[in-house]
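In full-length UniProt numbering, the protein residues as written are 1 to 494. Glycine included, every Cβ here is placed at the ideal spot set by N, Cα and C. Before any comments, here is the structure.
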Amino acid sequence: MKTQEQWIELKNNLNIENRAYINGEYSAALSGQTIPVVNPATDEIFTEIARCQSEDVDLAVSYARQAFQSGQWSESSPAHRKAVLKQFADLIDQHQEELALLETLDTGKPISHSFSTDIPGAASSLRWYAEAIDKVYGEVAPTEKDVHAFISHQPIGVVAAVVPWNFPLWLACWKLGPALSAGNSVILKPSEKSSLTAIFLGQLASQAGLPTGVFQVVTGYGHEAGDALAKHQDVDCIAFTGSTRIAGQLMVSSGESNLKRVFAEAGGKNANIVFDDCDDLDRAAAETAAGCFYNQGEVCVAATRLLVHESIKEQFIEKVIQASKAFTPKDPMDPSSSMGALIDQDHKSKVLEYISLGESDGANVRCGGDVDGQGAFVSPTILDNVDNKMRVAQEEIFGPVLCVISFKDEAQAIEIANDSKYGLGAALWSSNINRVHRVAKQLQAGSVWVNNYNEGDMTVPFGGFKMSGNGRDKSLHAIEKFTETKTTWIRLHS
Ligand code: NAD
């Protein structure tokens with residue numbers, strides 16, 4: 001990987017494309033308006049992006065529809081789509097450095113993470129679906145002998161992928177992979193806080209051979225461009241990752257427009273339960289710290305609620321405090337940085353307000369808090385003596401704040417873990433195989449990790465119970481969201 005000086009040199013020579021990508025071309029918003037882009041590590045405005053609104057969305061949707069109707073992509077063979085999408089993934093790999101740099105400048109995350117995790121993760125997500133799509137079969141139903149009923153899956157049409165700022169390109173590719181491979185036309189609406197890598201994808205899509213209009217990028221605010229997509233009569237599906245509040249709004253917009261399918265990957269307030277029979281507390285502490293503080297804690301499945309048995313609580317917190325030192329905030333352009341800046345100053349203020357709220361509700365700060373100076377930096381913060389009823393335990397803080405809650409026995413641990421409107425992820429640490437199965441089965445979460453935190457792979461579905469969303473990203477299950485299931489009945493006459 002490059003040195004810090006080399007990254008800065010690349011930044012100084014970078015020509016940043018900042019316009020929307022509509023109908024195969026980069027263009028400014030029709031209104032000419034823009035949104036400033038701030039580097040959260042320095043608080044400097046370094047570019048601006050197009051502020052698209054409903055008139056830009058109308059254009060993009062009409063081009064997406066035309067492309068879909070033409071059949072050039074939607075009716076092309078899976079083998080063809082596979083070849084093009086593999087090329088798309090290869091181009092992301094070829095531009096790994098520029099993309100990683102843009103991601104870090106936009107979000108404040110460490111350059112080593114952008115370069116080694118986010119961008120390769122994005123490419124491999126596309127490649128996985130490219131490889132999969134010519135291996136997906138339909139079905140024949142076991143009907144009576146004189147009828148033949150077969151079940152096929154057809155692309156749904158125009159898909160809007162609306163994504164957040166915490167893993168901008170990677171999460172976008174979790175949607176693009178299954179949606180494009182299934183034959184849809186996709187309009188990507190990145191967060192207004194992190195649009196640069198999405199914009200960069202436009203030129204790569206065209207170089208890879210995606211027909212014009214099949215992939216477009218509409219930048220802008222959620223309440224403008226995002227809302228216009230959600231209410232559009234000719235968008236067939238919204239694939240959303242973001243907050244639970246906006247997920248709910250999208251469902252209302254769908255109901256009030258054309259009943260477009262809404263699939264939401266939303267928030268989380270995940271319980272990480274450490275039992276007194278855990279046989280490797282050092283490992284559990286290291287993964288607890290990484291689970292909560294990786295990506296500045298801006299992770300939907302962050303291990304934000306530590307439920308620890310009262311008999312080992314003090315010993316375990318000390319270990320987590322030690323482990324959290326691996327996440328000291330530092331300039332994200334420094335390749336040795338493992339923790340960067342939060343997304344912006346507003347978000348930093350929100351995180352600090354939650355820390356104060358926790359204290360005023362009776363929790364104690366064991367370590368962490370504000371970092372003075374430029375940039376939206378907050379240190380890994382541990383709040384001890386949290387009660388699960390407190391707002392800090394119920395609401396998503398989406399920053400580096402760990403809430404420690406003690407429990408007396410297994411039943412109480414399960415009750416506290418499930419006492420949340422969210423149900424995204426949960427973990428438990430125990431060496432008792434009976435307890436492992438008993439507890440894992442009762443946890444209300446889309447992913448349950450046993451003796452690890454946050455294992456993940458493209459082969460497994462990812463998503464939540466309850467208000468953490470519906471549908472699943474990743475794995476072959478994600479393709480179901482982007483297809484309609486059709487049954488064709490044929491009566492056989494003699
Ligand atoms: P957000 O809900 O504010 O925004 C997400 C996206 O929706 C952005 O592109 C935004 O512009 C757009 N949007 C906002 N208002 C809209 C509206 N009225 N209509 C249409 N679109 C609108 O979320 P965020 O702050 O960008 O991201 C953080 C949230 O994302 C957290 O809650 C986090 O848990 C969640 N998240 C979930 C997952 C998951 O897989 N479950 C993954 C990452 C992040």
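Taking C-alpha positions only, residue 189 is separated from residue 441 by approximately 37 Å. Out of 313, 298, 253, 250, the CA that lies nearest to the CA of residue 269 is found in 298. With contact defined as three or more Cβ pairs closer than 8 Å, the region 469-477 and the region 269-285 are not in contact. A distance below 7 Å between beta-carbons, with the five flanking residues on each side excluded, links residue 86 to the following residues of its chain, in chain order: 127, 130. Assigned with DSSP and collapsed to three states, residue 26 falls in strand. The Cβ atoms of residue 53 and residue 213 lie no closer than 9 Å to each other.
Beyond the five residues adjoining it in sequence on each side, residue 311 comes within less than 8 Å, by CB distance, of 276 in the same chain, given in chain order. Take residue 228, set aside five residues on each side of it, and the residues of its chain with a beta-carbon closer than 6 Å to its own are 54, 57, in chain order. Under DSSP, no beta-bridge partner is assigned to residue 391.
By the CB criterion at 9 Å, residue 327 and residue 348 fall outside the cutoff. In this structure, residue 171 lies near residue 241, with their beta-carbon atoms less than 9 Å apart. Listed in chain order, the alpha helix (DSSP H) elements of length 4 or more contained wholly in the region 176-210 are 196-208. Membership of residue 37 in the beta strand (DSSP E) is indicated by the continuous run 34-39. Between the ligand NAD and the CB of residue 165, the shortest heavy atom gap is smaller than 8 Å. Within the same chain, 84, 87 come within 7 Å of residue 209 by CB-CB distance, once the 5 residues on both sides are set aside. Not one heavy atom of the ligand NAD falls within 8 Å of the beta-carbon of residue 134. Not one heavy atom of the ligand NAD lies closer than 8 Å to the C-beta of residue 196.
Three or more beta-carbon pairs separated by less than 8 Å link the region 14-31 to the region 193-203, which places the two stretches in contact.
Note that the region 430-440 does not touch the region 299-310; fewer than 3 beta-carbon pairs, one per stretch, sit closer than 8 Å. Annotated as proximal: residue 101 and residue 14, with beta-carbon spacing under 9 Å.
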